[in-house]
Structures are given as structure tokens and as C-alpha cells.
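Trainee:
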Amino acid sequence: MIYAMIEEKRDDQALQRARVNRLFRDRRYHTHTARLMEGEARASRTAWAQSMDANDAVRSGVIALRTQVSAQRTEITDLQAADCRFLTTVRTQQEEIRELRAVARKLQAQFIHALTALKSCQT
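Here the sequence shown stands for residues 264 to 386, where the numbers follow the working numbering.
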């Protein structure tokens with residue numbers, strides 16, 4: 264029984280030595296894997312920071328465009344009001360021109376009538 268325990272102890276020690284040896288052999292691969300993971304984590308943080316910067320830039324651009332659109336809408340409203348006032352002025356002036364032409368025709372008719380009367384008086 265003691266021999267069995269000693270043999271079992273030796274087997275346990277052999278297993279532990281084998282595990283330790285395997286860990287020493289694999290240490291290089293574990294180190295390489297850890298470095299790869301750290302590199303990926305670093306690249307991920309960099310990409311995240313760049314995406315946040317890009318997001319901020321796009322947000323600023325959108326705000327600038329909204330401001331520009333708002334200003335253009337105001338300008339369009341002002342131009343529409345000015346156009347309406349201009350059309351009203353044009354219509355008023357066209358009406359005045361029609362009235363002046365009517366007055367001119369009447370005056371011309373009166374002038375012709377007076378001229379005709381003057382000619383008939385001379386003869």
C-alpha cells in the first residue's frame with residue numbers, strides 16, 4: 264500500500280512536471296497571443312476615437328447645414344415678400360399708364376377738334 268501511494272505520488276509529480284514543461288513550451292505562444300490581443304485592443308481604441316471624431320465632425324456639419332438652410336428659408340421668405348410688393352407696384356404703375364394713355368387720347372382728340380375748329384374759322 265505504501266508502494267502504491269509512492270507510485271501515485273510519483274505519477275502526480277510526473278503529471279505536474281509535464282504540465283509545467285508544457286506551460287514553458289507554450290509560454291512563447293501565450294506571449295504572442297497576448298501581444299496580438301493588446302494590438303487589437305489598441306487598434307480598436309484608435310478606431311473608436313477616430314469614429315467619435317468623425318461623428319463630431321458630421322454633427323457639426325449637419326448643424327452648419329441646418330443653420331444655412333434656415334437662413335436661406337428666411338431669405339426666400341423675404342424675397343417672396345419683396346416680389347409680392349414689386350408685383351403690386353408694377354400693377355399700380357400699369358394701371359396709371361393705362362389712365363395716362365386714356366387722358367392722352369382725350370387730350371389728343373380735344374386738340375384735333377380745336378385744330379379743326381381753328382381751321383374752319385380761318386377759311
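C-beta: ideal position from N, C-alpha, C; glycine also.
Predicted, not measured: the structure shown is a model, and the values here were computed from it.
#1: How many angstroms separate the CA atom of Gln385 from the CA atom of His376?
#2: Would you identify the three-state DSSP class for Met300, choosing helix, strand or coil?
#3: In whole angstroms, what is the alpha-carbon distance linking Thr296 and Phe287?
#4: Let me know the secondary structure DSSP gives Met264 once reduced to three states.
#5: For Arg329 and Asn318, what's the separation of their Cα atoms in angstroms?
#6: Pull up the distance between the alpha-carbon of Gln276 and that of Ala310, whole angstroms please.
#7: Output the distance between the C-alpha atoms of Arg282 and Glu270, rounded to the nearest integer angstrom.
Mentor: Judging by the given coordinates:
#1: Numbered from its first residue, the sequence shown carries residue 385 at position 122. Numbered from its first residue, the sequence shown carries residue 376 at position 113. About 14 Å.
#2: Position 37 of the sequence shown, counted from the start, is the residue given in the question as residue 300. Residue state, collapsed to three classes: helix.
#3: Within the sequence shown, the letter at position 33 stands for residue 296. Within the sequence shown, the letter at position 24 stands for residue 287. Between Thr296 and Phe287, the C-alpha separation is close to 15 Å.
#4: Residue numbering aside, residue 264 sits at position 1 when the sequence shown is read from its first letter. Three-state result, Met264: coil.
#5: Along the sequence shown, one-based indexing puts residue 329 at 66. Along the sequence shown, one-based indexing puts residue 318 at 55. Taking the straight line from one Cα to the other gives about 16 Å.
#6: Residue numbering aside, residue 276 sits at position 13 when the sequence shown is read from its first letter. Residue numbering aside, residue 310 sits at position 47 when the sequence shown is read from its first letter. Distance between the alpha carbons of Gln276 and Ala310: 48 Å.
#7: Here the question's residue 282 lines up with position 19 in the sequence shown. Here the question's residue 270 lines up with position 7 in the sequence shown. Each residue's CA atom was taken as its position, placing Arg282 and Glu270 some 18 Å apart.
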